[in-house]
Structure formats: C-alpha cells, structure tokens
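Chemist: Dropping a structure here in structure tokens format, bear with me for questions.
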Amino acid sequence: GIQVEQSPPDLILQEGANSTLRCNFSDSVNNLQWFHQNPWGQLINLFYIPSGTKQNGRLSATTVATERYSLLYISSSQTTDSGVYFCAVEGEYGNKLVFGAGTILRVKS
Amino acid sequence: ETGVTQTPRHLVMGMTNKKSLKCEQHLGHNAMYWYKQSAKKPLELMFVYNFKEQTENNSVPSRFSPECPNSSHLFLHLHTLQPEDSALYLCASSQDLLEQFFGPGTRLTVL
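Going line by line, the protein sequences match chains Y and L. 38 is the number of the first residue of the first sequence in this note's numbering; add one for each residue after it. 264 is the number of the first residue of the second sequence in this note's numbering; add one for each residue after it.
Okay, here's the thing in structure tokens:
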C-alpha cells in the first residue's frame, strides 16, 4: 500500500517564527489532507489539497503531485499552533486515507 | 449541533462489559468511518460505510462490531475488550469518500 513519511518528527519554535512541514508519499494520490490534532485529540481540517497551492490565514500548503510531496507552511507561529500535524493520503487506486506518523510542534512564548 | 459529534467523550470499561460508541454527522455526508489512535502509533482505519453499506473492514477483531442504521449515524459496539484496545476512537464523515471531517473522539480505557 501507499507509504507516507512526515518530517521533521519534532519541531520546537519560538513564537513568531516560521516553519515548513513536509509530507512525502510513495504513489499517485486522489486525496491529500493536512490536519492539526489539538491537545484534546480533536483532528482539525487544515487543507484538502491533492494538488496545487492553498492559503488560509497564516497557513498555506502546496502539493506537487508529480514529485510526490506536500508542504505545510506556518508563518508567525503562535502558542496555539502547538500540537501534532498529520498528513494523510489516499492512493490513486486505494479507498482509504493512510496517515503519516505526524510532526509534533511546540511553540514557546 | 454542527459537524461530527461523538458520545461519550470518555469511557472506562472492564473486559467483560458491553458498551457502544455513538457518532452522528450533521454535514449531509454519505460516508462514515471509524479510526483507532493508539499511543505512539499512526491513526488506523477500522471501518468504512458508504451509503450505509460497509465497504472496508481493516482486519478488525470481531470484538468490535460496527452498525450504520442510516447515513447520519454510526455506532461501534464493544464487547470483551482487552487492555490493549485502550485508545482514542475517532469517527469521520465525507461526501463521496473525499475530504474527511472528524469528530472529537472517545477516549476509551479498558481495565
């Protein structure tokens, strides 16, 4: 099945700093989503982005499907950005989302 | 209520108990999912229902039994669980198996 690798596994930022999280996947995809899991376990949708670029406030994402990676950019980070960021993909011939192991982000004030 | 709701939010049960988790989606979607998130492991898909029909059972033990009476409600019936089944159980829904939206989860502890 499709493989998903996220990097870095852990990231500590000072408030106000920018960061880039990466998601590599092993096959063509129909679906790619970025999520933020808050400390209470809720998975919050950030982007549905099987290809192209999207922006939402301080967050933006780019997926280069032909090169099998996606990037999540966080600018001017805030302490509320802390949590785990997951990339999840569904392969072109698959029928389920496969999640990466996540990036644990800690933003310090 | 909006989005995807789950009840209860926390559940503690003994290995001989029978309990059920409930999920309800208010998004008008036609597909619903159960996922399991154990400590230090990626989220694992358990079941998928599309138009109330189960289309995926990801080799889940029979002590977990899903039920989808309509496209808005999904249950997970639990019986004779093991301590290693303690985890966060997440429900999600989507339209046409595309973008998925998740509920807040039920944190289950099996004693």
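Glycine residues also receive a C-beta, built at the ideal position from the N, C-alpha and C atoms.
#1: Out of curiosity, what's the CA-to-CA distance linking Y/SER97 and Y/THR57?
#2: Select from Y/VAL126, Y/VAL144 and Y/ALA102 the residue whose C-alpha is nearest the C-alpha of L/PRO305.
#3: With H, G and I counted as helix, E and B as strand and the rest as coil, what does DSSP make of Y/ALA54?
#4: The region 84-96 of chain Y: which residues have C-beta closer than 7 Å to a C-beta of chain L, in chain order?
#5: Under a three-way DSSP split, which group does Y/ASP118 fall into?
#6: Do Y/LEU134 and Y/SER119 count as a contact pair if the criterion is CB distance below 8 Å?
#7: Sort L/ASP359, L/LEU351 and L/THR318 by Cα distance to Y/ASN67 and report the nearest one.
#8: Identify the continuous beta strand (DSSP E) that holds Y/ILE141 and give its terminal residues.
#9: Report the residues of the region 65-82 of chain Y with a CB closer than 9 Å to any CB of chain L, ordered along the chain.
#10: Tell me which residue opens and which closes the beta strand (DSSP E) that Y/TYR130 is part of.
#11: Among L/LYS282, L/THR268, L/GLY277 and L/HIS342, which has the Cα closest to the Cα of L/PRO324?
#12: Closer than 8 Å by beta-carbon distance: list the chain Y residues that pair up with L/PHE364, in chain order.
#13: So, helix, strand or coil for Y/SER76, using DSSP?
#14: Along chain Y, in chain order, which residues have C-beta atoms closer than 9 Å to that of L/ALA326?
#15: Under the three-state reduction of DSSP, which class applies to L/PRO214: helix, strand or coil?
#16: Kindly say whether Y/GLY131, judged by its beta-carbon, lies nearer than 8 Å to any beta-carbon of chain L.
Modeler: With the structure as the only source:
#1: Taking the first sequence and counting its residues from 1, one reaches residue 97 of chain Y at position 60. Taking the first sequence and counting its residues from 1, one reaches residue 57 of chain Y at position 20. Taking the straight line from one Cα to the other gives about 10 Å.
#2: Taking the second sequence and counting its residues from 1, one reaches residue 305 of chain L at position 42. It is Y/VAL126.
#3: The residue labelled residue 54 of chain Y in the question sits at position 17 within the first sequence. Y/ALA54 sits in coil when the DSSP states are folded into three classes, being neither helix nor strand.
#4: Going along the region 84-96 of chain Y in chain order, one finds TYR85 with a Cβ nearer than 7 Å to chain L.
#5: Translated into positions along the first sequence, residue 118 of chain Y becomes position 81. Y/ASP118 carries a helical assignment under DSSP once its states are collapsed to helix, strand and coil.
#6: Along the first sequence, read from residue 1 onward, the residue named residue 119 of chain Y stands at position 82. Along the first sequence, read from residue 1 onward, the residue named residue 134 of chain Y stands at position 97. Their beta carbons are not under 8 Å apart, which means Y/SER119 does not touch Y/LEU134 by this criterion.
#7: Reading the first sequence from its first residue, position 30 is the one you call residue 67 of chain Y. The shortest Cα separation from Y/ASN67 among L/ASP359, L/LEU351 and L/THR318 belongs to L/ASP359.
#8: Here the question's residue 141 of chain Y lines up with position 104 in the first sequence. Its beta strand (DSSP E) spans residues 140-145.
#9: Those would be ASN67, ASN68, GLN70, PHE72, GLN74, TRP77, GLY78, GLN79, LEU80, ILE81 and ASN82, in chain order.
#10: Residue 130 of chain Y sits at position 93 when you count from the first residue of the first sequence. Y/TYR130 -> no beta strand (DSSP E), and no H or E assigned at all.
#11: In the second sequence, counting from the first residue as 1, residue 324 of chain L sits at position 61. Looking from the CA of L/PRO324, the closest CA among L/LYS282, L/THR268, L/GLY277 and L/HIS342 belongs to L/HIS342.
#12: To locate residue 364 of chain L, count along the second sequence from 1; it is residue 101. Residues of chain Y passing the Cβ test: ASN82.
#13: Translated into positions along the first sequence, residue 76 of chain Y becomes position 39. Per the sequence shown, residue 76 of chain Y should be read as Pro rather than Ser. Here Y/PRO76 sits in coil by DSSP.
#14: The count along the second sequence starts at 1 and reaches residue 326 of chain L at position 63. As written in the sequence, residue 326 of chain L is Arg, which differs from the Ala given in the question. In chain order: nothing, as chain Y lies at least about 21 Å away.
#15: What is shown of chain L runs 264 to 374, which leaves residue 214 of chain L out entirely.
#16: Numbered from 1 along the first sequence, position 94 holds the residue referred to as residue 131 of chain Y. At least 8 Å separates the CB of Y/GLY131 from every CB of chain L.
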